[in-house]
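These notes concern the structure reproduced below.
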Amino acid sequence: MKKPQIQYSMLIEWSEEDKAYLVILPEWAPQVIMPVTHGDTYIEAVKNGQEVLELLINDAVKCGETLPQPKIHAA
Numbered sequence: 040m041k042k043p044q045i046q047y048s049m050l051i052e053w054s055e056e057d058k059a060y061l062v063i064l065p066e067w068a069p070q071v072i073m074p075v076t077h078g079d080t081y082i083e084a085v086k087n088g089q090e091v092l093e094l095l096i097n098d099a100v101k102c103g104e105t106l107p108q109p110k111i112h113a114a
């Protein structure tokens, strides 16, 4: 099955409390508890966020669920 080519937002912010970069996927917020993952470095957080996003998309497609619409978020 071909994966949809959809551009979703990924917000990454440093958490002083957690001493880690937290990853938020805004379009998936109604379905998933945020933050979805984290990383000790920014690059690790991006990688982990991409992995979670791929899992969410694959699971939704497999279950026949409607994917969230991508949104543009101002920086």
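Adding 39 to a residue's 1-based position in the sequence shown gives its number in the numbering used here. C-beta: ideal position from N, C-alpha, C; glycine also. On a predicted model such as this, the values are computed, not experimentally measured, just so you know.
Per DSSP, cross-strand counterpart(s) of residue i
i, result
"Leu61", "Glu52, His77"
Inter-residue spacing [alpha-carbon to alpha-carbon] between residue i and residue j
i, j, result
"Ser54", "Ala68", "19 Å"
"Ile83", "Leu64", "Residue identity differs from the one stated: residue 83 is Glu in this sequence, not Ile. Looking at the two C-alpha atoms, the distance is approximately 15 Å."
"Lys101", "Asp57", "34 Å"
"Ile96", "Lys110", "16 Å"
"Gly78", "Leu94", "17 Å"
"Pro74", "Val85", "13 Å"
"Gly88", "Tyr47", "11 Å"
"Leu92", "Ile72", "13 Å"
Contacts around residue i, its chain only, beta-carbon distance under 6 Å, and the 5 residues preceding and following it disregarded
i, result
"Glu52", "Leu61"
"Gln108", "none"
Close-in-space but distant-in-sequence residues of the same chain around residue i (CB under 8 Å, 5 per side omitted)
i, result
"Thr80", "Tyr60"
Option in the options with minimal Cα separation from residue i
i, options, result
"Thr76", "Leu50, Ile45, Asp98", "Leu50"
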